[in-house]
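Okay, structure first, notes after.
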Amino acid sequence: MSAGAGVALCPSAALAERGEAHVWDVLDERGQPARAFVLRFDGRVVAYLNRCAHLPAELDWQPGRFLDADGRFVVCAMHGALYEPEDGRCVAGPCAGGRLVPLDVAEIDGTVTWYPSREIRPAPPADESAT
Numbered sequence: 001m002s003a004g005a006g007v008a009l010c011p012s013a014a015l016a017e018r019g020e021a022h023v024w025d026v027l028d029e030r031g032q033p034a035r036a037f038v039l040r041f042d043g044r045v046v047a048y049l050n051r052c053a054h055l056p057a058e059l060d061w062q063p064g065r066f067l068d069a070d071g072r073f074v075v076c077a078m079h080g081a082l083y084e085p086e087d088g089r090c091v092a093g094p095c096a097g098g099r100l101v102p103l104d105v106a107e108i109d110g111t112v113t114w115y116p117s118r119e120i121r122p123a124p125p126a127d128e129s130a131t
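If you read the sequence shown in UniProt numbering, its first letter stands for residue 1, the second for the next number, and so on.
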């Protein structure tokens, strides 16, 4: 799959407003395995690399759960940092002023589609990564 080609992630209906996120495997800017997530916030889908801006820890406090109890901020389970879902900007915590790494997503014909970049690319299928 070449950078720039769309990757279907999940049906649009699978992302409830401020609900559970869809999480998938990617390769980060160094070519290392990482996770990414997409969720629906204020009617649109937003996606980020699943990595705190403070330390390289995953954010979700339970699988697929990224938003705080009020559904207002993406929260880092390890550090308590709070991020604006709209733009990934850290508004509280040890990474104040930092940002999550955004990923380009869109909804097309009822499907959430991710557009990889040169920095964040699709992970190889599991059977290929073992060789």
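Even glycine gets a Cβ: it sits at the ideal position worked out from N, Cα and C.
What you are looking at is a predicted structure, and each value in this text was computed from that prediction instead of being measured.
Integer-rounded CB distance, given that residue j should sit under 8 Å from residue i
{"i": "Asp68", "j": "Leu82", "result": "7 Å"}
Spatial distance of residue i from residue j (CA atoms)
{"i": "residue 159", "j": "Ala126", "result": "This structure cannot settle anything about residue 159, because the visible part of the chain is limited to 1 through 131."}
{"i": "Ala96", "j": "Arg65", "result": "21 Å"}
{"i": "Cys90", "j": "Pro124", "result": "31 Å"}
{"i": "Ala57", "j": "Gly31", "result": "17 Å"}
{"i": "Gly6", "j": "Gly110", "result": "14 Å"}
{"i": "Pro11", "j": "His54", "result": "32 Å"}
{"i": "Trp114", "j": "Arg121", "result": "10 Å"}
{"i": "residue 148", "j": "Pro33", "result": "Here the chain covers residues 1 to 131 and nothing more, so residue 148 does not appear."}
{"i": "Gly19", "j": "Arg72", "result": "11 Å"}
{"i": "Ala13", "j": "Phe41", "result": "13 Å"}
{"i": "Leu59", "j": "Leu103", "result": "15 Å"}
{"i": "Gly43", "j": "Glu84", "result": "15 Å"}
{"i": "Pro63", "j": "Leu27", "result": "19 Å"}
Where the beta strand (DSSP E) containing residue i begins and where it ends
{"i": "Asp104", "result": "102-108"}
{"i": "Phe41", "result": "33-41"}
{"i": "Asp25", "result": "22-27"}
{"i": "Pro11", "result": "7-11"}
{"i": "Trp114", "result": "111-115"}
{"i": "Leu49", "result": "44-49"}
Contact under 7 Å by Cβ, residue i with residue j
{"i": "Gly98", "j": "Gly80", "result": "no"}
{"i": "Val101", "j": "Val38", "result": "no"}
{"i": "Val46", "j": "Glu107", "result": "no"}
{"i": "Leu9", "j": "Val112", "result": "yes"}
{"i": "Glu119", "j": "Glu29", "result": "yes"}
{"i": "Ala36", "j": "Trp61", "result": "no"}
Quiz item: Can we say the segment 17-30 touches the segment 41-52, given the rule of at least three CB pairs closer than 8 Å?
Solution: Counting Cβ pairs under 8 Å, three or more are found: they touch.
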